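Have a look at the structure below before the remarks.
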Amino acid sequence: MADKFNYEELGLKVGLEIHRQLDTKKLFSPVPSELTEEVDFTFERRLRPTMSELGEIDPAALEEFKKGRKYIYEGNYRLTDLVYMDEEPPRGPDREALEVALQISYLLNAKPVDEVHFMRKIVIDGSNVSGFQRTAIVAVNGKVDTPWGSVGIPTVCLEEDACRIVERKEKEVIYRIDRLGIPLVEISTTPDIHHPEQAKVVAKYIGDALRATRKVKRGLGTIRQDLNVSIRGGARVEIKGVQELDMIPLIIEREVERQLNLLKIRDELKKRGVRPEDIKEEFHDVTEIFQNTESKIIVRTIKKGGKVLAVKLPKFRGLIGKEIQPGRRLGTEMADRAKKYVKGIFHIDELPNYGITELEVNAVIEKLGLGEDDAFVLVAAEEETAKNALREVVKRAREAIEGVPEETRRALPDGNTQYMRPLPGKARMYPETDIPSIFIPPEEKERIKANLPELPQERVERYVKEYKIDRSLAETLVNDERDELFEELVKKGVKPSLAASILVVVLKGLKKEVPIENITDGHIREAFELYLEGKIAKEAFEEIFKELALHPEKTADQVAEEKGLTLLSEEEVEKIIDEVIQQNIEVIRAKGMGAMGMIMGRAMAKLRGRADGKLVSSLVRKKIQEIAG
Numbered sequence: 010m011a012d013k014f015n016y017e018e019l020g021l022k023v024g025l026e027i028h029r030q031l032d033t034k035k036l037f038s039p040v041p042s043e044l045t046e047e048v049d050f051t052f053e054r055r056l057r058p059t060m061s062e063l064g065e066i067d068p069a070a071l072e073e074f075k076k077g078r079k080y081i082y083e084g085n086y087r088l089t090d091l092v093y094m095d096e097e098p099p100r101g102p103d104r105e106a107l108e109v110a111l112q113i114s115y116l117l118n119a120k121p122v123d124e125v126h127f128m129r130k131i132v133i134d135g136s137n138v139s140g141f142q143r144t145a146i147v148a149v150n151g152k153v154d155t156p157w158g159s160v161g162i163p164t165v166c167l168e169e170d171a172c173r174i175v176e177r178k179e180k181e182v183i184y185r186i187d188r189l190g191i192p193l194v195e196i197s198t199t200p201d202i203h204h205p206e207q208a209k210v211v212a213k214y215i216g217d218a219l220r221a222t223r224k225v226k227r228g229l230g231t232i233r234q235d236l237n238v239s240i241r242g243g244a245r246v247e248i249k250g251v252q253e254l255d256m257i258p259l260i261i262e263r264e265v266e267r268q269l270n271l272l273k274i275r276d277e278l279k280k281r282g283v284r285p286e287d288i289k290e291e292f293h294d295v296t297e298i299f300q301n302t303e304s305k306i307i308v309r310t311i312k313k314g315g316k317v318l319a320v321k322l323p324k325f326r327g328l329i330g331k332e333i334q335p336g337r338r339l340g341t342e343m344a345d346r347a348k349k350y351v352k353g354i355f356h357i358d359e360l361p362n363y364g365i366t367e368l369e370v371n372a373v374i375e376k377l378g379l380g381e382d383d384a385f386v387l388v389a390a391e392e393e394t395a396k397n398a399l400r401e402v403v404k405r406a407r408e409a410i411e412g413v414p415e416e417t418r419r420a421l422p423d424g425n426t427q428y429m430r431p432l433p434g435k436a437r438m439y440p441e442t443d444i445p446s447i448f449i450p451p452e453e454k455e456r457i458k459a460n461l462p463e464l465p466q467e468r469v470e471r472y473v474k475e476y477k478i479d480r481s482l483a484e485t486l487v488n489d490e491r492d493e494l495f496e497e498l499v500k501k502g503v504k505p506s507l508a509a510s511i512l513v514v515v516l517k518g519l520k521k522e523v524p525i526e527n528i529t530d531g532h533i534r535e536a537f538e539l540y541l542e543g544k545i546a547k548e549a550f551e552e553i554f555k556e557l558a559l560h561p562e563k564t565a566d567q568v569a570e571e572k573g574l575t576l577l578s579e580e581e582v583e584k585i586i587d588e589v590i591q592q593n594i595e596v597i598r599a600k601g602m603g604a605m606g607m608i609m610g611r612a613m614a615k616l617r618g619r620a621d622g623k624l625v626s627s628l629v630r631k632k633i634q635e636i637a638g
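Here it is in structure tokens:
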């Protein structure tokens, strides 16, 4: 399919940041890296920004502080210790986690450092109890080769994961600290990616290197991919939380579209002669105009003693409602900024609507003295809250005159993005004084380098050659991270073709019927044990997995018994086949071996999952031949 844009002409630059949890103990204390819903205790904190060593305050940290939130932390005694309550200095770091990070570095052609030094990175959105995240560079100067050219990997870092959010309220956020401290490897690329598909290729290669170690966690939330995107004349925008590999090209395309449209709005505003200083923080009380309004939001606000305030945006009419991404407009971006104070805003380009009449719109236009090209934005809230929200609108409007603001945005499921906070500055790092530097001996580096795991594509090639399985099966096994279990089953005596077929074809076939994510590796092992012990036929796997997906608390053995899926003896199988034969004797006498398919179908309807298909086929064939002569 042809590209939507000429990315070379636009000067597209993309950089990736990939974070993946390691499957080891926590980074700074020997606590299991597990999540739980069991809460034993809670405590609370308020976090404040601090100055860097150069006396500067990070703008992202300052914005979080302005929200005035209190943070509640839920903990579990088994999965938390005083380190993660910020009541005790860190220990470690975990040596296994460090070794896995070094393995990944070599797989990405990066050079490990001689000494690992941990730093503190200021984070005061509550996700770290201490107000900072510990991070260290473990390797530098790696690269990934792609059909579009090489992409550099300046750093591979080892750091601690943050708390996971439970509930976000206006002035209070609840976090659970079980995730805090799980080791993360962070891999950053240079902005040498110049095509959306190239970004996907690089992300896949990095993901393959991570999975090759077999020491990374699997499942939702264990991997986070962030994008840094810019075009010529635009600005660097960080997009966080890209979960799916296939969404990367679409998200980049949508960000390019957003920046191009913002540049068009900038050019139109300049053409109209508006300057940033023309937009004043002058807020007009227009509550009187809406005393008899049909807008439910405004009615509720006025009843609570709130007010309706308006701000004039000179020369902005027709531009606030301009679409910049599918379904999102400049007005949406203004509303995103104001959301820390109010749920939404009203602007002239979308009115009359939402219960606001044309008469009320004209009254606001008259009160603010608007010209033909002028716009207004309304906010209904408590007076000071409304003013704060409108200040954010004014700030975003001034930025629109300049073009594309640098900011951090959140990836949305449809490929669009949403404002989160200003782009972090450089004033957020300072040395970690509680952890001494870690020297990595040359002989340890050589040992790790000499014993690197095979990459996924190498594993696919080996499966095809060694186990003689279909390439598509091998690729799916590896991509779905079922390869380790596959090899385990083969070593126990399961035929490679059967193991691959069950793990790929059978499980994927059930995906539309039942929640297969409930089927654990433990369930699968149990089912194969029954098969190897001769207790179930291979035809029973589908029924067993279907039931386990709906009732994961059960065992494969229980399901086999309950569903009558345990294998019958050869005598019992023969008895059932004899019954089928007798019921269809006339057809067999008339058709002879031509009745084979029909008899097999009727026999398997009674025996599926309780008898080996080859045994049934052999017995049916033998008995038909005896009758047909």
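With this note's numbering applied, the sequence shown corresponds to residues 10 to 638, in that order.
Even for Gly, the Cβ is constructed at its ideal location relative to N, Cα and C.
A quick note: this is a predicted structure, and the numbers were derived from the prediction, not measured.
Quick check for students: name the residue ranges of the beta strand (DSSP E) that lie wholly in the segment 298-378, counting only runs of 3 or more.
Complete beta strand (DSSP E) runs here, min 3: 316-322 and 332-334.
Which of the three DSSP states is assigned to residue 86 in this structure?
Coil at residue 86, not helix or strand.
Tell me, please, which residues DSSP counts as bridged to residue 386.
Residue 386 is bridged to 320 and 356.
Taking contact to mean 3 or more Cβ pairs, one atom from each stretch, closer than 8 Å, check whether the segment 83-101 and the segment 114-126 are in contact.
With the cut-off at 8 Å, the segment 83-101 and the segment 114-126 do not touch.
What span of residues does the beta strand (DSSP E) with residue 158 cover, start to end?
Per DSSP, residue 158 is one residue of the beta strand (DSSP E) stretching across 158-169.
If the criterion is Cβ atoms closer than 9 Å, does the pair residue 522 and residue 563 meet it?
No, the Cβ-Cβ distance between residue 522 and residue 563 is not below 9 Å.
Could you tell me the alpha carbon to alpha carbon distance between residue 573 and residue 419, rounded to whole angstroms?
Rounded to the nearest whole angstrom, the C-alpha separation of residue 573 and residue 419 is 50 Å.
Can you list, in chain order, the residues of its chain whose CB lies under 6 Å from that of residue 459, leaving out five sequence neighbours each side?
Counting only residues of its own chain and dropping the five nearest sequence neighbours on each side, residue 459 has no CB closer than 6 Å to any other CB.
Relative to the alpha-carbon of residue 497, which residue among 613, 19, 630 and 530 has its alpha-carbon at the smallest distance?
Considering only alpha carbons, the answer is 530.
Per DSSP, the bridge partner or partners of residue 237:
DSSP output for residue 237 lists 24 and 247 as bridge partner(s).
Given a cut-off of 9 Å, decide if residue 124 and residue 449 are closer than it, judged by their beta-carbon atoms.
It is a contact, given that the beta carbons lie within the stated cut-off.
Could you please give the first and the last residue of the uninterrupted beta strand (DSSP E) stretch that includes residue 195?
Residue 195 -> beta strand (DSSP E) spans 192-197.
Judging by CA-CA distance, which residue of 154, 578, 446 and 156 is the nearest neighbour of residue 122?
If we check each option's Cα against that of residue 122, 446 comes out closest.
When you compare only the Cα positions, how much space is there between residue 400 and residue 348?
Roughly 12 Å between the two C-alpha positions.
Does the segment 182-193 come close enough to the segment 211-223 that 3 or more CB-CB pairs lie under 8 Å?
In this structure the segment 211-223 does not touch the segment 182-193; the number of beta carbon pairs closer than 8 Å is below three.
Consult DSSP for residue 503 and reduce its assignment to one of helix, strand or coil.
Residue 503: coil per DSSP, three-state reduction.
To which residues of the same chain is residue 317 closer than 8 Å at the C-beta, ignoring the five residues directly before and after it?
Closer than 8 Å at the Cβ level, and outside the excluded window around residue 317, lie 294, 295, 296, 298, 299, 307, 310, 311, 387, 388, 389 and 395.
Sorted by chain position, which residues of the same chain lie with C-beta nearer than 8 Å to residue 604's C-beta, five sequence neighbours on each side aside?
Excluding sequence neighbours, residue 604 sits near 593, 596, 597 and 633.
Expressed to the nearest angstrom, what Euclidean distance is found between the alpha-carbon atoms of residue 285 and residue 427?
One C-alpha to the other measures close to 23 Å.
Simplified DSSP state of residue 144, which is helix, strand or coil
Strand.
Runs of beta strand (DSSP E) lying entirely within the segment 400-470, each at least 3 residues, in chain order:
Taking only runs of at least 3 residues, the beta strand (DSSP E) segments lying wholly in the segment 400-470 are 416-420, 426-431 and 438-440.
Cβ neighbour criterion (16 or more within 10 Å) applied to residue 350
Burial state of residue 350 is buried, judged by a 10 Å Cβ sphere holding 16 or more other Cβ atoms.
Nearest neighbour of residue 557, chosen from 585, 516, 413 and 580 [CA to CA]:
Nearest of 585, 516, 413 and 580 to residue 557, Cα basis: 516.
Since residue 554 is in the alpha helix (DSSP H), which residue starts that stretch and which ends it?
Its alpha helix (DSSP H) spans residues 550-559.
Per the DSSP calculation, residue 54 is bridged to which residue(s)?
Beta bridge pairing from DSSP links residue 54 with 80.
Own chain, CB closer than 7 Å to residue 379, minus 5 neighbours either side, in chain order
Result list for residue 379: 321 and 385, in chain order.
Hey, residue 170 and residue 188 are a contact pair by Cβ (cut 8 Å); roughly how many whole angstroms apart?
Approximately 5 Å separates the beta-carbon atoms of residue 170 and residue 188; this is inside 8 Å, confirming the contact.
Buried versus exposed, by CB contacts within 10 Å (16 or more), residue 207
The residue is buried, with at least 16 neighbouring Cβ atoms inside 10 Å.
Considering residue 217, what are the terminal residues of the beta strand (DSSP E) in which it resides?
Residue 217 -> not in any beta strand (DSSP E); alpha helix (DSSP H) instead, spanning 205-221.
Closest residue to residue 637 among 602, 120 and 227 (Cα-Cα distance):
The shortest Cα separation from residue 637 among 602, 120 and 227 belongs to 602.
Local conformation of residue 252 per DSSP, three classes
It is coil, neither helix nor strand.
Where does the unbroken alpha helix (DSSP H) through residue 537 begin, and where does it stop?
For residue 537, the enclosing alpha helix (DSSP H) starts and ends at 530-541.
Using 9 Å as the threshold, is the C-beta distance between residue 59 and residue 140 below it?
Cβ atoms of residue 59 and residue 140: closer than 9 Å.
Are residue 132 and residue 437 close, meaning C-beta to C-beta below 9 Å?
Yes, these two residues count as a Cβ contact at 9 Å.
Do the CB positions of residue 509 and residue 483 come within less than 9 Å of each other?
Note that the C-beta distance between residue 509 and residue 483 is below 9 Å.
Which of helix, strand or coil does DSSP assign to residue 181?
Residue 181 falls in the strand class under three-state DSSP.
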